[in-house]
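What follows is one structure encoded as structure tokens, with my remarks underneath.
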Amino acid sequence: MPEGDTVYRTARRLNEALSGSVLTVCDIRVPQFATVDLTGQTVRNVVSRGKHLLTRVGETTIHTHLKMEGSWRVFAAGERWSRPGWQARIVLGTAEWTAVGFQLGLVEVLPTVEEDGAVGYLGPDILSPEWDAGEAMRRMLAAPEVPIGVALIDQRNIAGLGTVFRNEVLFLRGVMPERPVGEVDDLPAMIGLAHRLILANRDRADRVTTGNLRRGERTWVSHRERQPCRRCGTPIRKGSLGPDVLSERDTYFCPACQR
């Protein structure tokens with residue numbers, strides 16, 4: 001699933017293309033909202049909230065989530081799309097640009113004043129200028145028995161952090177994913193590192209946590225199962241974590257460097 005940095009860049013691209021322009025096309029291909037027509041209204045802005053996208057048109061918000069398969073693409077008006085039309089869930093067009101949401105995992109339309117009902121449960125957005133590390137820590141410590149590897153990617157604690165950054169942060173801090181939150185030494189330092197890592201990557205498509213931009217050298221443990229640890233040479237492992245299937249995916253760690 002795309003993480004907060006990917007969604008942040010998507011929101012920025014959509015905002016650059018659509019913000020301040022009048023919609024000439026509004027085609028929502030989801031049965032529940034297929035009759036919604038926002039043509040003639042002005043796009044106020046497009047923002048990310050964790051892994052969620054909020055496109056505000058007039059007094060209406062289009063709430064979308066990429067989930068596993070989704071993506072937004074922006075084309076010049078009249079340009080041929082790069083993906084087949086049957087994959088499009090929503091099409092928003094202006095005189096200059098056409099934004100197409102392909103295979104989106106979630107599409108809903110609601111009054112902007114009701115946005116909190118859709119995304120209000122989320123924790124502090126790790127890429128927001130109003131990022132609140134203290135609130136993120138408070139939420140995590142409210143359930144000290146939860147494994148830190150689960151707590152870090154629980155969007156109710158930190159909105160936008162995903163498995164790649166979770167794996168990298170835990171490796172750099174030397175902590176095994178299953179350690180309970182309440183037993184983690186210096187939780188503020190871990191949360192601070194997570195913020196710095198994702199902030200450093202928000203403007204580039206290729207995530208780098210090692211400082212090495214070469215292909216295959218960009219991460220410490222993520223997607224490196226059975227490859228030698230870059231620090232100690234021990235084979236990296238991939239394991240399961242937590243009862244929720246979403247939290248079990250892509251858990252990578254070094255059994256020697258992490259305790």
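Just so you know, we're using the working numbering here: the sequence shown kicks off at 1 and counts up by one. Every residue, glycine too, gets a C-beta built ideally from N, C-alpha and C.
Handout entry: Coil, strand or helix - Arg139 by DSSP
Key = Position 139 of the sequence shown, counted from the first residue, corresponds to residue 139. Helix at Arg139.
Problem - Within 8 Å, strictly: CB atoms of Arg156 and Ile90 - result: Numbered from 1 along the sequence shown, position 156 holds the residue referred to as residue 156. Numbered from 1 along the sequence shown, position 90 holds the residue referred to as residue 90. Going by C-beta atoms, Arg156 is not nearer than 8 Å to Ile90.
Handout entry: Continuous beta strand (DSSP E) stretch holding Ala99: start and end
Key = Locating residue 99 in the sequence shown gives position 99, counting from the first residue. It spans Trp97 to Phe102 - the beta strand (DSSP E) in which Ala99 sits, taken as one unbroken run.
Practice task
Would you please verify whether the beta carbon of His223 is less than 8 Å from any beta carbon of chain D?
Solution key: You won't find chain D in this structure, because it holds only one protein chain.
Exercise for the section: Give me the Cα-Cα distance between Thr219 and Pro84, rounded to the nearest whole angstrom. Expected result: Indexing the sequence shown from 1 puts residue 219 at position 219. Indexing the sequence shown from 1 puts residue 84 at position 84. One C-alpha to the other measures close to 33 Å.
Practice task
For Tyr121, count neighbouring C-beta atoms within 10 Å of its own C-beta (all shown protein chains included) and say buried if the count is 16 or more, exposed if not.
Solution key: What you label residue 121 is simply residue 121 of the sequence shown in a count that begins at 1. Exposed is the call here.
Exercise for the section: Would you mind reading off the limits of the beta strand (DSSP E) that contains Leu38? Expected result: Mapped onto the sequence shown, residue 38 falls at position 38. Looking at the DSSP string, Leu38 is not in any beta strand (DSSP E), and its letter there is neither H nor E.
Practice task
Compute the beta-carbon to beta-carbon distance between Ser21 and Thr94, rounded to the nearest angstrom, for a pair I have assumed lies under 8 Å.
Solution key: Position 21 of the sequence shown, counted from the start, is the residue given in the question as residue 21. Position 94 of the sequence shown, counted from the start, is the residue given in the question as residue 94. A Cβ-Cβ distance of about 4 Å is found for the pair Ser21 and Thr94, placing them in contact under the 8 Å criterion.
Handout entry: Cβ-Cβ distance between Glu168 and Ser222 below 8 Å
Key = In the sequence shown, the residue the question calls residue 168 occupies position 168. In the sequence shown, the residue the question calls residue 222 occupies position 222. Cβ distance < 8 Å, so Glu168 and Ser222 count as in contact.
Exercise for the section: With a cut-off of 8 Å on the beta carbons, I'd call Tyr8 and Arg202 a contact; round off their distance for me. Expected result: By one-based count along the sequence shown, residue 8 stands at place 8. By one-based count along the sequence shown, residue 202 stands at place 202. By a beta-carbon distance limit of 8 Å, Tyr8 contacts Arg202. Their separation comes to about 5 Å.
Handout entry: Cβ distance (whole Å) where Leu199 is taken to contact Leu172 below 8 Å
Key = Reading the sequence shown from its first residue, position 199 is the one you call residue 199. Reading the sequence shown from its first residue, position 172 is the one you call residue 172. Taking C-beta atoms under 8 Å as the contact rule, Leu199 and Leu172 fail to qualify, at a distance of about 15 Å.
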